[in-house]
Amino acid sequence: MPIPTLSFKSSFEENPKLAKPANKLRTLLASIEKKDIPASVESEINEIISGVNNFPGPDPLLIKQISSAQTAILKLLEKELGIYPKNHFQTQWLPIGMAAFGIPMGVAFGTAMGNLAFLGIGLPLGMAIGIAIGNSKDKEAAAKGKQLDWPSE
Numbered sequence: 001m002p003i004p005t006l007s008f009k010s011s012f013e014e015n016p017k018l019a020k021p022a023n024k025l026r027t028l029l030a031s032i033e034k035k036d037i038p039a040s041v042e043s044e045i046n047e048i049i050s051g052v053n054n055f056p057g058p059d060p061l062l063i064k065q066i067s068s069a070q071t072a073i074l075k076l077l078e079k080e081l082g083i084y085p086k087n088h089f090q091t092q093w094l095p096i097g098m099a100a101f102g103i104p105m106g107v108a109f110g111t112a113m114g115n116l117a118f119l120g121i122g123l124p125l126g127m128a129i130g131i132a133i134g135n136s137k138d139k140e141a142a143a144k145g146k147q148l149d150w151p152s153e
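Heads up: the sequence shown at position 100 corresponds to 100 in full-length UniProt numbering, and the numbers run straight through without jumps.
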């Protein structure tokens with residue numbers, strides 16, 4: 001059973017705030033179709049998309065429905081198949097690197113130099129460490145074929 005596309009509504013052309021999330025969901029569905037996914041996951045995605053296609057509410061609520069559908073699909077792919085969008089781990093590890101590595105290094109620099117004004121030196125270092133770890137995990141996922149050709153934001 002193929003994954004259905006997002007049905008076109010006239011408000012997509014009229015409302016640019018609605019067109020952007022709808023376009024993101026369409027590109028996500030197109031990138032999922034390129035992957036070989038099991039029928040059970042495909043049927044769950046079909047249910048999520050049919051909920052969006054049959055949504056009767058106004059545009060602001062439809063935007064929320066589309067965004068929640070996108071999040072639900074990504075979580076389903078992550079949980080069931082271990083498939084992630086591009087730069088997922090880099091986005092995830094950047095703040096972790098700043099918090100786990102940057103702040104302690106900044107405190108160490110500040111105390112070593114006797115001035116805690118140097119606390120901020122550790123944050124960019126931690127950010128670089130987090131990006132490097134996330135980048136390596138993204139490359140590992142791409143090598144295993146567990147990465148969608150869809151950028152996360």
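Ideal placement from N, C-alpha and C gives every residue a C-beta, glycine not left out.
query = Which word fits residue 61, buried or exposed, when buried means at least 16 other C-beta atoms lie within 10 angstroms of its C-beta?
reply = As a first step, residue 61 must be located in the sequence shown, where it is residue number 61. When all chains shown are included, residue 61 counts as exposed.
message = Once DSSP output is grouped into helix, strand and coil, what is the label at residue 6?
response = For this step, residue 6 is matched to residue 6 along the sequence shown. When secondary structure is reduced to three states using DSSP, residue 6 falls in the coil class, being assigned neither helix nor strand.
query = Looking only at C-alpha atoms, which of 34, 92, 28, 37 sits nearest to residue 74?
reply = Looking up residue 74 in the sequence shown gives position 74. Ranking 34, 92, 28, 37 by Cα distance to residue 74 puts 28 first.
The segment 103-118 touching the segment 50-68, judged by at least three CB pairs closer than 8 angstroms = Touching, no, given that fewer than three Cβ pairs across the two stretches are closer than 8 angstroms.
With 16 other Cβ atoms within 10 Å as the buried cut-off, status of residue 12 = For the purposes of this step, residue 12 is taken as the residue at position 12 of the sequence shown. So residue 12 counts as buried.
ask   = Which residues bound the alpha helix (DSSP H) around residue 95?
value = Taking the first residue of the sequence shown as 1, we reach residue 95 at position 95. Unbroken alpha helix (DSSP H) run through residue 95: 88-97.
ask   = Measuring from the CB of residue 16, is there a heavy atom of the ligand HEM at a distance below 7 angstroms?
value = In the structure shown, the ligand HEM is absent, as is every other ligand, since no ligand is present at all.
ask   = Is residue 149 helix, strand or coil by DSSP?
value = Within the sequence shown, residue 149 is the residue found at index 149, counting from 1. DSSP places residue 149 within a strand segment (E or B) once states are collapsed to three.
ask   = Would you report the Cα separation of residue 51 and residue 149, rounded to the nearest angstrom?
value = Indexing the sequence shown from 1 puts residue 51 at position 51. Indexing the sequence shown from 1 puts residue 149 at position 149. Distance between the alpha carbons of residue 51 and residue 149 is about 24 angstroms.
request  = Check whether the segment 103-123 touches the segment 73-89, counting contact only when three or more Cβ pairs, one atom from each stretch, lie closer than 8 angstroms.
outcome  = Segment contact: the segment 103-123 against the segment 73-89, fewer than three CB-CB distances shorter than 8 angstroms; contact not assigned.
request  = Please classify residue 89: is it buried, with 16 or more other beta-carbons within 10 angstroms of its beta-carbon, or exposed?
outcome  = In the sequence shown, residue 89 corresponds to position 89, counting from 1. Taking a 10 Å sphere around the C-beta of residue 89, we find 16 or more other C-beta atoms and assign the residue as buried.
request  = My understanding is that residue 116 touches residue 98, with C-beta atoms under 8 angstroms, so please give their C-beta distance in whole angstroms.
outcome  = As a working note, residue 116 is residue 116 in the sequence shown. As a working note, residue 98 is residue 98 in the sequence shown. Not quite, the Cβ-Cβ distance comes to about 17 angstroms (not below 8 angstroms), so this is no contact.
inquiry  = List, from N- to C-terminal side, the beta strand (DSSP E) runs of 3 residues or more that fit wholly inside the segment 18-73.
reply    = The DSSP assignment places no complete run of the beta strand (DSSP E) inside the segment 18-73 (cut-off: 3 residues).
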